[in-house]
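Chemist: The numbers in the working numbering rise by one with no breaks, and the one at position 237 of the sequence shown is 286. C-beta atoms are modelled at their ideal positions from N, C-alpha and C, and glycine is treated no differently. Note that the coordinates shown come from a computational prediction; the quantities given were computed from them, not determined experimentally.
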Amino acid sequence: MDTTLQDPLVGQLLDGRYRIEARIAVGGMATVYRAVDTRLDRVLALKVMHPALATDVSFVERFIREAKSVARLAHPNVVAVFDQGAQGAYVYLAMEYVAGCTLRDVLRERGALRPRAALDILEPVLAALGAAHRAGFVHRDMKPENVLIGDDGRVKVADFGLVRAVGTATDTTGSLLGTVSYLAPEQIEHGSADTRSDVYACGVVLYEMLTGAKPYTGENAAQVIYQHLNSDVPPPSAVVPGLPVALDGLVASATARNPEVRPHDAVLLLAEAREARAGLSEAELDAVPPQALSDVHDGAEDRTSVLPRALPADGAGAVHRTSRLEAPPAGPAPRRPLLRRGPFGGPHRTLILVLTAVLLTLGVGTGVWYINSGQFTRVPPLLGQTQQEAERRIAEAGLGLKGVDRVFSDSVERGEVVRSDPASGDRIRGNGSVKLVVSRGPEIVRVPDVAGSSLADARRSLKKAGLVPGMVTREFSEDVPRGEVVRTDPRAGADRHPDTAVALVVSKGAPVEVPDVTGLSVQDATAELEAEGLKAEALPGRVHSSEVAGDVAEQSPGEGTEAAEGDTVELTVSKGPRLVDVPDVTGRNVDEARSTLEEAGFEVKVDRPFLSFSDTVASQSVDGGERAPEGSTITIETKGF
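#1: How would you call Val428, buried or exposed, if buried means at least 16 neighbouring beta carbons within 10 angstroms?
#2: Mind checking which residues open and close the alpha helix (DSSP H) that includes Glu438?
#3: Output needed for Arg88: all residues of its chain with C-beta closer than 8 Å, excluding positions within five of it in sequence on either side, in chain order.
#4: Please report the distance separating the alpha-carbon of Leu387 from that of Leu278.
#5: For a test of the three-state rule: what should DSSP assign to Gln572, helix, strand or coil?
#6: Helix or strand or just coil, what does DSSP make of Phe662?
#7: What does DSSP give as the partner residues of Leu588 in its beta bridges?
#8: Can you tell me which of Gly582, Ala207 and Ser460 puts its alpha carbon nearest to the alpha carbon of Gly558?
#9: Under 6 Å Cβ to Cβ from Asp565, same chain only, skipping five residues before and after it: list those, please.
#10: Starting from Ile477, trace the beta strand (DSSP E) both ways and give me its first and last residue.
#11: CB-CB under 8 Å to Asp335, same chain, minus the five flanking residues each way: which ones, in chain order?
#12: How do the segment 475 to 485 and the segment 513 to 520 stand: do at least 3 beta-carbon pairs fall below 8 Å, yes or no?
#13: Should the segment 153 to 163 be called in touch with the segment 257 to 266, which here means at least 3 C-beta pairs below 8 Å?
#14: May I have a chain-ordered list of the alpha helix (DSSP H) segments no shorter than 4 residues that lie completely inside the segment 309 to 333?
#15: Taking DSSP as the reference, what is the three-state secondary structure of Ala359?
#16: Measure the CB-CB distance between Ser595 and Gly650 and report whether it falls below 8 Å.
#17: Use the C-beta contact count for Glu675: other C-beta atoms within 10 angstroms, 16 or more gives buried, fewer gives exposed.
#18: In chain order, what are the residue ranges of uninterrupted alpha helix (DSSP H) at least 4 long that sit wholly in the segment 632 to 685?
#19: Of the choices Gly615, Val466 and Glu619, whose alpha-carbon is the least far from that of Ser605?
#20: Please name the residue or residues paired with Ala167 in a DSSP beta bridge.
#21: Check whether the Cβ atoms of Ala315 and His124 lie closer than 8 Å to each other.
#22: Among Ala138, Asn195 and Ala180, whose alpha-carbon lies nearest the alpha-carbon of Arg121?
#23: To which residues of the same chain is Phe108 closer than 7 Å at the C-beta, ignoring the five residues directly before and after it?
#24: Could you check whether the segment 610 to 617 touches the segment 633 to 651, counting it as contact only if at least three pairs of C-beta atoms, one from each stretch, sit closer than 8 Å?
#25: Keeping to the same chain, check which residues put their C-beta closer than 8 Å to that of Ala138; ignore five residues upstream and five downstream.
#26: Arg68 lies in the alpha helix (DSSP H); which residues open and close that run?
#27: Can you tell me whether DSSP reads Ala103 as helix, strand or coil?
#28: What span of residues does the alpha helix (DSSP H) with Arg245 cover, start to end?
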């Protein structure tokens, strides 16, 4: 089914500027659309965060902060970020649109690439990452899906949405973020990622380009993770005979399990790649690889996801298990024996020995039980259950969850299971997986009237109706009390698709005109502001001003500004006028004397004796060389007859 037809954003004008034409891809955190910038009349890619994430203020702030950081990476091999903004719950990035395909598309179509083609792709990727690394950023999710190849042959790195500044914390507690097939051992073990983690992922991508297959495969993500931790990436020539030793060395250098052994960043790996290329002959660069290998790229290990991280073994050697991802693989052993013992191998080797001993003790009896009765089970009752309850029942039955689809339904409540595959009661292998189909509720929902409700109650009503609470703005209202909803956008009663974002306008209450309290004491100013329903806050530190010391010199917001009841007016207190040296202007022309005194910061008054026609200053009210308050008045008197 073409779900693009049901996408509420397709055909819309976002933020009054971007006309969304089609959906390109859907990820774990955002959806990417092809759009037209109607102001500049250019095609671009619009990455829109999922509305559910847009309600998390800290996540949105981080999304915007990282977008601004990536926008500073002006490099020809990095997908450019043009703009960032929000409309309702839709927080978006406007990015360069690259017409072409991804490296994943190339590998699916062609399999293994010639060494020259692999290096032609690897080098611009490393140049882009090198620029990011030297600017202080780590990509953390390098994979073929994030390498774009334009119709003009240009190679660009995309999806820096997972970047973090190198100087900030990149560890996670209890989870790790990335794509399983390309995760470095330290990301799996400790959740830490730095420039060397990107180097490791590039080594895996190079291996895949040279062989047409990933170095590690398995029936589930746990088996792939286990091999990352306990096996060295095999040399590409072991899979594709005849590949030059220099390429084996390049892959081994980038994918060393010990991060200390790898090149420190992509710049150094790029230097190694160019050195390896220089040592290859034209025949070696253009050697045609065998195309016998076929690698399925739609497994769970391809997707960017958040996975539980295994806890280390305790001091007694016991292994704490919090998920099936921590168990050793049930599938075939790694492709070649472990050649070197990395820093991450110890506890896992102990676990293998313990499990081997247990299996030998159980012996044939266990195998007979599995064949006769333990191989199959039945799918538990799931219809009409909430998604959370259905997932719990699946887990209790020892089955896996292979995905959740969502469909509209007029008869099944939103969030409840419509059907499953296999169906409830069907026989299934004991290690099998079940796909759930969950109701999205009716295809069209009506925006509820939440005017006059508190913000919290309005959000609950929108969620209950199958809509997403969007961005909140505030405005003055003479009629709606402070803190209550004035209106929504779309308006109440409008028909919308489920999961559409609804923006909320909340009342700031009736506007209050801020009075002028400058020149008053802090106590009197506070009393006058409180009488108007406002609060006062005297700021630390004082400033020189014409006001008497201790009185209010400045206020923010100023006189006549509209504020909401309960808003705070900041008061800056005077420490009196500054004392300034008075220049001596006796004997000077009146105009010259006036100019000199005004430049020194004084007001000037001229006093002429009766019937005096002289323009020469005879005296001044404050003698030259003395000090007087800045802004005070100095009187000058001209000579008489």
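Modeler: This is what the structure gives:
#1: The residue given as residue 428 occupies position 379 in the sequence shown. Result: buried.
#2: Translated into the one-based positions of the sequence shown, residue 438 becomes position 389. Gln436 to Glu445 is the extent of the alpha helix (DSSP H) around Glu438.
#3: Along the sequence shown, one-based indexing puts residue 88 at 39. Sequence-distant partners of Arg88 (beyond 5 residues in either direction) whose C-beta falls short of 8 Å from its own C-beta, in its chain, are Arg66.
#4: In the sequence shown, the residue the question calls residue 387 occupies position 338. In the sequence shown, the residue the question calls residue 278 occupies position 229. Only weak support exists for where Leu387 lies, its pLDDT of 31 falling under 50; the value from the coordinates is given anyway. Between Leu387 and Leu278, the C-alpha separation is close to 11 Å.
#5: Taking the sequence shown and counting its residues from 1, one reaches residue 572 at position 523. Three-state DSSP puts Gln572 in a helix.
#6: Counting from 1 along the sequence shown, the entry for residue 662 is found at position 613. In the structure shown, Phe662 sits in coil (DSSP, three-state: anything other than H, G, I, E or B).
#7: Here residue 588 corresponds to residue number 539 of the sequence shown, with the count starting at 1. Answer is none; Leu588 lacks a bridge partner.
#8: For the purposes of this step, residue 558 is identified with residue 509 of the sequence shown, where counting begins at 1. When each option's Cα is compared against that of Gly558, the closest is Gly582.
#9: Numbered from 1 along the sequence shown, position 516 holds the residue referred to as residue 565. Here the set comprises Glu608.
#10: Your numbering for residue 477 matches position 428 in the sequence shown. Here the beta strand (DSSP E) through Ile477 covers Arg476 to Arg478.
#11: Within the sequence shown, residue 335 is the residue found at index 286, counting from 1. Here the set comprises Arg163, Pro164 and Arg165.
#12: no
#13: Verdict: yes, contact present.
#14: 315 to 327
#15: On the sequence shown, position 310 is the one that residue 359 refers to. With a pLDDT of 40 at Ala359, under the threshold of 50, the predicted position of this residue should be treated as unreliable, though the coordinate-derived value follows. Three-state result, Ala359: coil.
#16: Along the sequence shown, one-based indexing puts residue 595 at 546. Along the sequence shown, one-based indexing puts residue 650 at 601. Taking 8 Å as the Cβ cut-off, Ser595 and Gly650 do not qualify as a contacting pair.
#17: Within the sequence shown, residue 675 is the residue found at index 626, counting from 1. Exposed is the call here.
#18: Counting only runs of 4 or more, we get 639 to 648.
#19: Taking the first residue of the sequence shown as position 1, residue 605 is located at position 556. Ranking the options by Cα distance to Ser605, first place goes to Glu619.
#20: Within the sequence shown, residue 167 is the residue found at index 118, counting from 1. Bridge partners of Ala167: none, in fact.
#21: Along the sequence shown, one-based indexing puts residue 315 at 266. Along the sequence shown, one-based indexing puts residue 124 at 75. No, the Cβ-Cβ distance between Ala315 and His124 is not below 8 Å.
#22: By 1-based counting over the sequence shown, the position of residue 121 is 72. When only C-alpha atoms are compared, the closest one is Ala180.
#23: Walking along the sequence shown from the start, residue 108 turns up at place 59. If we look at Phe108 and ignore the five residues flanking it on each side, its Cβ neighbours are Leu102.
#24: no
#25: Position 89 of the sequence shown holds residue 138. Only Pro100, Ala103, Thr104, Val517, Pro518, Gly519, Met520, Ala550, Val551 and Ala552 meet the Cβ criterion.
#26: Within the sequence shown, the letter at position 19 stands for residue 68. That residue, Arg68, is in no alpha helix (DSSP H); its beta strand (DSSP E) goes Tyr67 to Val75.
#27: On the sequence shown, position 54 is the one that residue 103 refers to. DSSP places Ala103 in helix when its eight states are reduced to three.
#28: Taking the sequence shown and counting its residues from 1, the one referred to as residue 245 is at position 196. Run containing Arg245: Thr244 to Thr260, per the alpha helix (DSSP H) assignment.
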